[in-house]
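I have placed the structure first, in the form of structure tokens, so that the comments after it can refer back to it.
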């Protein structure tokens, strides 16, 4: 038996934000990030719509990129004091992810962060509040997923939290918000979505319910991401739907070691963070080559290649064509080929080498590894990470 879970209601298309007027409740807390939603007027509109719905509104602002355990606990404390019956999270993946974790601590103040790290171990939510997610970026799809990523900066680790309990009740996918994304963010979030869809399609947990979502998302992203990056707002609007479809797929089929590696390299180095979507984009071609040693995975990569119109005489040739196409997409989006070249070389080579074994071990233990077509050994994961640092060929 398998499970397929989505939000109860998903409102999409221009003007969907106005659906907030129809939420039923007394109090809503709005969780937002660094200020773009306020600058572009969306925050004021959200508050106005919720007031029109008859709700008292409180704001939790300033959720940082890669939200921290500390931010989560501050937000939970505010919720415990205010006692909202709706949590409305708006912005990129960070405020929505943070709000999901806050939700758990609001409803269960006695729980610990360590309790939540074990996949699918959350207590039963919706005892105090329901959850509405409004994405402003076209990548994480956290508005429809059972996942959140929280960073423990003291340990230098990103923790993916996983439980169907944290799938939002309502998702509002309004492309007006995504039209405000800067070009670089458009590239990184778009390749994050592409990685979600491809990893979901080759996951060991893929099924007839997730496959069509993943394939259609891949086709849409392949057709529209570069146009969106170049400023075509109709393509930008379609990308907002595509990333959501990819999220529906991976929330139910789960992911693979591209994400395991991105989670564990993201905050591991003192030189700076590797932005999640960019990490996925750099690692994806290497992992596809590694996974293609598994015949079933190779056949599914070939299906993806055929679906987007690539040519090849065999599954292996089609897989190589897919890898080449993804590399070409990265180049067209000004995404570097390897960690060494990331942001002009901010990840120190010696520090990378010194931490290689530990980061590899953490990546293997990541929640996303279990559904990857190949489970890497410690030696293989270290070789994969080195290949991603130096842009080496994968031959193992």
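Residue numbers (my numbering): 4 to 399.
Don't be surprised by glycine CBs; every beta carbon is placed ideally from N, CA and C.
Keep in mind the model is a prediction, meaning the values are calculated, not measured.
Of all C-beta pairs linking the region 245-255 to the region 351-360, fewer than three are shorter than 8 angstroms, placing the two stretches out of contact.
For residue 8 and residue 143, the gap between their C-alpha atoms comes out near 17 angstroms. Within the model, the alpha-carbon separation for residue 315 versus residue 187 is close to 32 angstroms.
DSSP places residue 164 inside the beta strand (DSSP E), whose first and last residues are 160-165. Straight through space, the alpha carbons of residue 138 and residue 62 are spaced by roughly 17 angstroms.
The beta carbon of residue 158 is closer than 8 angstroms to none in its chain, skipping five residues each way along the sequence. If you draw a straight line from the Cα of residue 373 to the Cα of residue 261, it is about 12 angstroms long. Secondary structure at residue 56: coil, using DSSP grouped into helix, strand and coil.
Taking 3 residues as the minimum length, the region 299-384 contains no beta strand (DSSP E) run wholly inside it.
Per the C-alpha coordinates, the member of 219, 313, 135 and 276 positioned closest to residue 33 is 135. Secondary structure of residue 72 (DSSP, three-state): helix. Collapsing the DSSP output to three states places residue 296 in coil. By the criterion of a C-beta distance shorter than 7 angstroms, residue 397 is surrounded in its chain by 289, 292, 293 and 390, once the five residues flanking it on both sides are discounted. For the 8 angstroms CB-CB criterion, residue 362 and residue 268 form a contact.
Assigned with DSSP and collapsed to three states, residue 13 falls in strand.
Under the 8 angstroms Cβ criterion, the region 112-130 does not count as touching the region 38-49, having fewer than three qualifying pairs. Between residue 257 and residue 206, the gap from beta carbon to beta carbon is short of 8 angstroms. Just so you know, the alpha carbons of residue 148 and residue 216 end up roughly 13 angstroms apart. If you look at residue 210, you'll find it isn't in any beta strand (DSSP E); DSSP assigns it neither H nor E. Within the DSSP secondary-structure output, residue 173 pairs in a beta bridge with 12 and 135.
Per DSSP, the unbroken alpha helix (DSSP H) holding residue 268 starts and ends at 260-269.
Here the alpha carbon of residue 116 sits roughly 8 angstroms from the alpha carbon of residue 72. For residue 253, the enclosing alpha helix (DSSP H) covers residues 236-256. Only exposed fits residue 399, as fewer than 16 other CB atoms lie within 10 angstroms of its CB. Straight-line spacing of the CA atoms in residue 220 and residue 388 works out to 27 angstroms. Rounded to whole angstroms, the separation of the alpha carbons of residue 333 and residue 327 is 10 angstroms.
In terms of Cα proximity to residue 131, the closest of 28, 263 and 114 is 28. With a 10 Å radius around the Cβ and a threshold of 16 neighbouring Cβ atoms, residue 202 comes out buried. Under the three-state reduction of DSSP, residue 30 is assigned to strand. One thing to note: residue 74 has its Cβ within 8 angstroms of the Cβ of residue 101. Closest option to residue 37, judged by alpha-carbon separation, among 230, 69, 175 and 10: 69. Judged by DSSP in its simplified three-state form, residue 147 adopts helix.
A direct Cα-to-Cα measurement between residue 285 and residue 243 gives close to 22 angstroms.
Boundaries for residue 93: no alpha helix (DSSP H) harbours it, while the beta strand (DSSP E) harbouring it runs 89-94, taken from the DSSP string.
A residue is called buried once 16 or more other Cβ atoms fall within 10 Å of its Cβ, and residue 277 is buried on that count. Exposed is the label assigned to residue 317, since fewer than 16 other Cβ atoms lie within 10 Å of its Cβ.
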